[in-house]
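As you go down the protein sequences, you meet chains A and B in turn. Quick note: the first sequence uses numbering that gives the first Met the number 0, first residue 0, plus one each step. Quick note: the second sequence uses numbering that gives the first Met the number 0, first residue 0, plus one each step.
There are 2 protein chains.
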Amino acid sequence: MGKDTDARLAEVMSSLVRHLHDFAKETQLTQAEWEYGIGFLTRTGQICSAERQEFILLSDVLGMSMLVDAINNRRPPGATENTVFGPFHVDDAPIRQMGDNITLDGKGESCLFEGRVLALDGKPIEGACVDVWSDNADGFYDVQQPGIQPKWNNRGRFFTGADGRYSFRGIKPVSYPIPDDGPVGQMLGHLGRHPYRPAHMHYLVTAPGYQKLVTHTFVGGDEYLSSDAVFGVKNTLIAPYEHVTNGDTLWRSPFDFVLVPI
Amino acid sequence: MGKDTDARLAEVMSSLVRHLHDFAKETQLTQAEWEYGIGFLTRTGQICSAERQEFILLSDVLGMSMLVDAINNRRPPGATENTVFGPFHVDDAPIRQMGDNITLDGKGESCLFEGRVLALDGKPIEGACVDVWSDNADGFYDVQQPGIQPKWNNRGRFFTGADGRYSFRGIKPVSYPIPDDGPVGQMLGHLGRHPYRPAHMHYLVTAPGYQKLVTHTFVGGDEYLSSDAVFGVKNTLIAPYEHVTNGDTLWRSPFDFVLVPI
Chain A
0 MGKDTDARLA
10 EVMSSLVRHL
20 HDFAKETQLT
30 QAEWEYGIGF
40 LTRTGQICSA
50 ERQEFILLSD
60 VLGMSMLVDA
70 INNRRPPGAT
80 ENTVFGPFHV
90 DDAPIRQMGD
100 NITLDGKGES
110 CLFEGRVLAL
120 DGKPIEGACV
130 DVWSDNADGF
140 YDVQQPGIQP
150 KWNNRGRFFT
160 GADGRYSFRG
170 IKPVSYPIPD
180 DGPVGQMLGH
190 LGRHPYRPAH
200 MHYLVTAPGY
210 QKLVTHTFVG
220 GDEYLSSDAV
230 FGVKNTLIAP
240 YEHVTNGDTL
250 WRSPFDFVLV
260 PI
Chain B
0 MGKDTDARLA
10 EVMSSLVRHL
20 HDFAKETQLT
30 QAEWEYGIGF
40 LTRTGQICSA
50 ERQEFILLSD
60 VLGMSMLVDA
70 INNRRPPGAT
80 ENTVFGPFHV
90 DDAPIRQMGD
100 NITLDGKGES
110 CLFEGRVLAL
120 DGKPIEGACV
130 DVWSDNADGF
140 YDVQQPGIQP
150 KWNNRGRFFT
160 GADGRYSFRG
170 IKPVSYPIPD
180 DGPVGQMLGH
190 LGRHPYRPAH
200 MHYLVTAPGY
210 QKLVTHTFVG
220 GDEYLSSDAV
230 FGVKNTLIAP
240 YEHVTNGDTL
250 WRSPFDFVLV
260 PI
């Protein structure tokens with residue numbers, strides 16, 4: 000590398016090349032395997048489009064995305080843990096009132112989500128934005144089915160009051176496969192891995208003076224909790240789902256979010 | 000991975016994932032750097048076409064291609080060393096007579112290439128095919144300039160007789176840049192690296208009962224010998240280029256190739 004190379008770039012590239020070479024030496028990579036790798040990376044790049052990012056998917060299923068997330072979002076004990084953002088968030092979802100129903104297609108088992116947004120000392124945070132999104136009962140996000148699902152189905156933003164409480168009705172989410180009709184799906188097949196993510200509700204929780212929290216809560220008991228295709232599960236994020244009988248609502252999932260000051 | 004995963008695939012993928020994660024941990028890779036990497040890989044895949052393989056180029060400039068070549072072509076002392084094949088070989092070049100001139104465009108400084116194809120014990124190999132190719136005096140291979148250069152310019156195949164000798168006239172090759180108008184070229188720029196390969200003549204030497212030899216001879220004294228953009232230079236492959244005065248021929252480059260039995 001040249002003398003004027005940016006110091007951080009030099010550090011990253013040195014490490015990358017060393018690990019790449021160590022990988023080849025350790026495995027005694029054959030010419031045919033190298034060629035297969037070149038072809039795989041090429042196919043992965045060529046299936047990418049404005050609607051599809053196969054390299055992020057590759058990073059996800061190799062545990063790289065979660066690792067980078069963990070490196071960059073270290074939190075003290077007691078704070079809610081991060082997990083992957085995923086590709087399905089949409090900015091500027093409708094602002095709703097506490098208790099509103101975000102499920103617009105009438106499908107699925109209705110569930111009440113409620114809890115508090117708290118500081119590390121247990122005090123409620125006022126004015127926190129709880130931005131939520133999930134798949135519908137068929138396992139698809141609204142943006143995957145434009146014209147089929149109502150716009151903003153299973154999405155909404157809720158702003159906390161002085162008590163820090165949030166509550167909304169949605170559905171008990173269902174597990175779904177990541178897109179597995181491309182090179183990454185083929186790879187999962189060769190590795191004997193399924194493409195499923197365990198059922199989860201997405202949260203983006205923000206509040207002035209606090210670090211942004213990107214996380215999910217997972218449905219306890221889901222069959223894919225220990226084999227999430229993208230390694231997104233953390234035990235502290237598995238939420239209770241209690242059976243209730245309250246009108247049409249069948250479930251209640253309580254969960255408190257604890258934010259860290261900036 | 001599933002229980003039925005191919006053992007070799009499992010070995011390669013385990014090593015790959017471990018090194019990938021170690022790279023991220025060692026560098027404490029940031030979210031922005033990860034995003035840049037995803038974007039870089041995507042651009043690299045998307046510029047690939049039937050005529051261009053940017054991932055091979057990436058492998059080349061990171062020293063990966065030469066490493067894989069070295070791992071898969073270990074040779075005993077005394078045998079000629081391998082180097083990278085490169086993208087410019089064409090099968091079935093014209094078979095020519097010893098001493099023929101392969102330079103059809105009349106450009107460049109004429110050079111006599113001659114030597115022997117030998118076994119490890121020094122005995123000449125009869126019936127060896129010496130398949131040669133180089134760029135022209137402007138630094139381009141014929142396949143890079145169809146319609147500009149004559150077809151088969153600076154290419155040919157020569158079959159040895161009982162004495163194992165080969166000889167042909169071509170030009171003293173010139174250094175040239177690898178394609179640097181894509182993501183890999185941008186990367187080289189950021190790293191303060193030039194895109195040049197030192198001048199070289201390509202050889203593919205085959206003979207019944209012997210291992211295939213893919214190599215170059217390099218022009219001694221070339222300014223890029225110690226900084227080949229693809230790390231292809233081995234000291235034993237630097238050939239002498241002697242000034243001569245023999246008609247139009249200005250140079251003579253003698254080199255013997257030593258093959259290893261299968």
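Using N, Cα and C, we set each Cβ at its ideal position, and we do this for glycine too. From a predicted model like this one, the values you see are computed outputs, not experimental measurements.
Under the Cβ distance rule, residue 54 of chain A counts among the residues neighbouring chain B, one pair being separated by less than 7 Å. Nearest in C-alpha terms to residue 46 of chain A, of all of A/147, A/211, A/184 and A/256, is A/184.
DSSP places residue 59 of chain B in the helix class (H, G or I) of the three-state scheme.
Look at residue 1 of chain A: its C-beta is under 7 Å from a C-beta on chain B. Taking 7 Å as the cut-off, the Cβ atoms of residue 257 of chain A and residue 77 of chain A count as close. In the three-state DSSP reduction, residue 20 of chain A falls in the helix class (H, G or I). Within the stretch 128-139 of chain B, no residue has its Cβ closer than 8 Å to any Cβ of chain A. Among the residues of the stretch 7-20 of chain A, those with a Cβ less than 7 Å away from any Cβ of chain B are 8, 10, 11, 12, 14, 15, 16, 18, 19 and 20, in the order of the chain. With respect to chain A, the C-beta atom of residue 191 of chain B has a partner C-beta closer than 7 Å. Residue-level contact by beta carbon fails for residue 250 of chain A and chain B, as no gap is shorter than 7 Å. Between residue 28 of chain B and residue 67 of chain A, the CB-CB gap stays under 7 Å.
Around the beta-carbon of residue 145 of chain B, fewer than 16 other beta-carbon atoms lie within 10 Å, marking it exposed. Under the three-state reduction of DSSP output, residue 45 of chain A falls in the helix class.
Contact between residue 79 of chain B and residue 214 of chain B holds, with the beta-carbon distance rounding to 6 Å and staying under 8 Å. Per the C-alpha coordinates, the member of B/52, B/92, B/61 and B/109 positioned closest to residue 34 of chain A is B/52. Each of B/36, B/188, B/236 and B/221 was checked against the Cα of residue 60 of chain B, and the nearest Cα belongs to B/188.
Taking the beta carbon of residue 71 of chain A as reference, the chain B residues within 7 Å of it are 29 and 30, listed in sequence order.
Where residue 181 of chain B is concerned, there is no enclosing beta strand (DSSP E), because DSSP gives it neither an H nor an E. The beta-carbon distance between residue 1 of chain B and residue 192 of chain A, rounded to whole angstroms, is 6 Å. This is short enough to meet the 8 Å contact definition. Taken in chain order, the complete beta strand (DSSP E) segments of 3 or more residues contained in the stretch 64-123 of chain B are 109-118. Beta-bridge analysis with DSSP links residue 198 of chain B to no other residue. Taking the C-beta atoms as reference points, residue 202 of chain B is found no nearer than 7 Å to residue 89 of chain B.
With fewer than 16 other CB atoms across the displayed protein chains lying within 10 angstroms of its CB, residue 93 of chain B is exposed. With a contact defined as Cβ atoms closer than 8 Å, residue 104 of chain A and residue 149 of chain A qualify at about 6 Å. Excluding five sequence positions before and after residue 254 of chain B, the CB atoms of its chain that fall closer than 6 Å to its own CB belong to 114, 216 and 238, given in chain order.
The beta-carbon separation of residue 83 of chain A and residue 63 of chain A, rounded to 11 Å, does not stay under the 8 Å limit for a contact. In the structure shown, residue 144 of chain A falls within a coil segment according to DSSP collapsed to helix, strand and coil. At a cut-off of 7 Å between beta-carbon atoms, residue 67 of chain B makes contact with chain A.
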